[in-house]
Each structure stands twice: as structure tokens, then as C-alpha cells.
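*Asks:*
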Amino acid sequence: MAIVKTITQSNRISLPAAGEDVPRARRPGEQDKSDQYSSPKRQPAKGELFGVCGELLFLKLPFLVAHRVFAKKRIAESKNQLNVGIGGDIPIFPPFALMLGATLGVSLRLALGQWTFLPSSVATISYRIGGFVVGLEAMLMRCEDALEEHNTKAFFTEVRGLATNGPYSVSRNPMYLGFFCMIPACTVLSDSVWMLLSMMLVPLYIHNVVIPKEEKFLVGLFADKYTEYCTRVPRWL
């Protein structure tokens, strides 16, 4: 009798008190609403954000590659432009130097592991960096427009005039300043110290190799006009 009484008490169903809501049984496959609110929100992967920014950053890369390949013969024959390539005036095309710096940063990250520096509370800043790169691209396009007003193209094509208006009235190298602004953008987006260290080589290369060659070339081409322009407008800011 004691055994039967114990089994009966263990199988007893507790009924809700008066006025208490009776919980509804879930149907097969139905999700509990409490699970929806308790489940964490999906955070975008850093690789996805880095890929989006990379596409924006190197949007012009295919055009630049094609331009350098098909314009190589014309560059060698012209006296009003610098030669770009190994053994030329500019050993590495500056946009390629920027890409090589980013590639080196990614390679170091894969080989040595991630070295982050951003706190998790500012991870969403990656979205703003993407918009920043879009605005930066618009600024670079404005620099190209200023060059075209003087019948001159960017990226070491034949020089036919000296651009001194628009962004060039503030800095003699606004396009390179745009490249330098991309460095913290990519560094914050990737959250990698390796990216910062590798891409810091790009400003050193442009400041010590590219800019002196360009200035010497422009002095020989425009003489006093360019010298007077240098006295009014700084090299950077």
C-alpha cells in the first residue's frame, strides 16, 4: 500500500490556482516567443565587412591595371610624363602600393594570428568606415575633375597643364592625402595591428620616393610657375 500511495502522489497533476493564466501547449514546430527575445542578435562577421570595404576601396583597380598595361608603350615614348614600373621613375604604382600594404597586413594576420586593438563596444563603427570610404572616393573623383580642367589626367599620364584650383589650392597632393586617409579606415575596419604596421609603409614610400620624383619633374616642366605654386600651397596640409 505504501508503494501504491507513493506512485499516486508522484503522478499527481498540479492544477493552476484561481485567476492564474493557464499556459498554452506549443504546437509541433512552433517557437516559444520567450526564446525569440532571449536569443542573441547576429553580429556581422568582420570578414564580411572587410570584404565590402575592400570592394569599395579597390573599385577602380581593374581599370587601373588595364590602363597601365595598354598605356605602357605610350608612357615610354612621351617626355611629358613619368615612367612607372621597375626601373622607371616610379617603381611601384601608388594604388598598387596601397593594395600591397593591405595584402601584407592580411598575410601577417593569417600567419601570426589576429592582433586586435578595438574594444567590442565600438565594433559597429565598421559600417561608418564603409561610408567614409565612399565619401573618400568622391573626393578622389573631384581631384580628377580638377586635373581634367587643365587637360591633364591622373595616374602618371601625359601632363599638359598645372592644376592649382579645387583641392589643389589647399594641398599639392590631395589624392595622396586620400590614400593616407584610407589607412586608418582599413585598420579600424579590420581591427588588426598588423594591417596598421604594414600599411604605414605606403606613406613612407610616397613621401620619400614618389613625391620627390614628381616635384623634380614638374619643376623641369613648368619652371617658375610650379616654384611659385609651391610657395603658396603646402606639400600636404
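So that you can map any letter, position 126 of the sequence shown is 126 in UniProt numbering, and since no number is skipped, the others follow by simple counting.
Here a beta-carbon is modelled for each residue, glycine too, at the ideal position from N, C-alpha and C.
Model, not experiment: these values are computed from the prediction.
#1: Which same chain residues end up closer than 8 Å to residue 171 when comparing Cβ atoms and leaving out the 5 residues on each side of it in sequence?
#2: My output table needs one value for residue 90: the three-state DSSP class, helix, strand or coil.
#3: Could you give the distance in angstroms between the alpha-carbon of residue 227 and the alpha-carbon of residue 163?
#4: Which class does residue 159 belong to by DSSP, given the choice of helix, strand or coil?
#5: Write down every uninterrupted run of the alpha helix (DSSP H) in the segment 196-226 whose length is 4 residues or greater and which is fully enclosed by it, in chain order.
#6: Just the C-alpha distance for residue 100 and residue 118, rounded to the nearest angstrom, thanks.
#7: Can you say whether residue 94 is buried or exposed, counting buried as having 16 or more other CB atoms within 10 angstroms of its CB?
#8: Are at least three pairs of beta-carbons, each pair with one atom in the segment 109-117 and one in the segment 201-218, less than 8 Å apart?
#9: Measuring alpha carbon to alpha carbon, tell me which residue in 225, 106, 217, 116 is nearest residue 158.
#10: For residue 86, count neighbouring Cβ atoms within 10 angstroms of its own Cβ and tell me buried if that reaches 16, exposed if not.
#11: Less than 8 Å between the beta carbons of residue 202 and residue 179, yes or no?
*Replies:* The answer reads as follows:
#1: Locating residue 171 in the sequence shown gives position 171, counting from the first residue. Exclusion of the five residues before and after residue 171 leaves 177, 233, 234, 235, 236, 237 as the residues of its chain whose Cβ lies within less than 8 Å of its Cβ.
#2: Against the sequence shown, residue 90 aligns to sequence position 90. Residue 90 falls in the strand class under three-state DSSP.
#3: Reading the sequence shown from its first residue, position 227 is the one you call residue 227. Reading the sequence shown from its first residue, position 163 is the one you call residue 163. Rounded to the nearest angstrom, the gap between the Cα atoms of residue 227 and residue 163 is 13 Å.
#4: Reading the sequence shown from its first residue, position 159 is the one you call residue 159. In the structure shown, residue 159 adopts coil according to DSSP, grouped into three states.
#5: DSSP runs (the alpha helix (DSSP H)) wholly in the segment 196-226: 201-205, 211-222.
#6: Sequence index remark: in the sequence shown, residue 100 carries index 100 (1-based). Sequence index remark: in the sequence shown, residue 118 carries index 118 (1-based). C-alpha separation (whole angstroms): 24 Å.
#7: For the purposes of this step, residue 94 is taken as the residue at position 94 of the sequence shown. By the neighbour-count rule (16 or more Cβ atoms within 10 Å), residue 94 is buried.
#8: No, the segment 109-117 is not in contact with the segment 201-218.
#9: Numbered from 1 along the sequence shown, position 158 holds the residue referred to as residue 158. With distances taken between CA atoms, residue 158 lies nearest to 217 out of 225, 106, 217, 116.
#10: Mapped onto the sequence shown, residue 86 falls at position 86. Classification for residue 86: exposed.
#11: For this step, residue 202 is matched to residue 202 along the sequence shown. For this step, residue 179 is matched to residue 179 along the sequence shown. Between residue 202 and residue 179, the C-beta gap is smaller than 8 Å, which places the two residues in contact.
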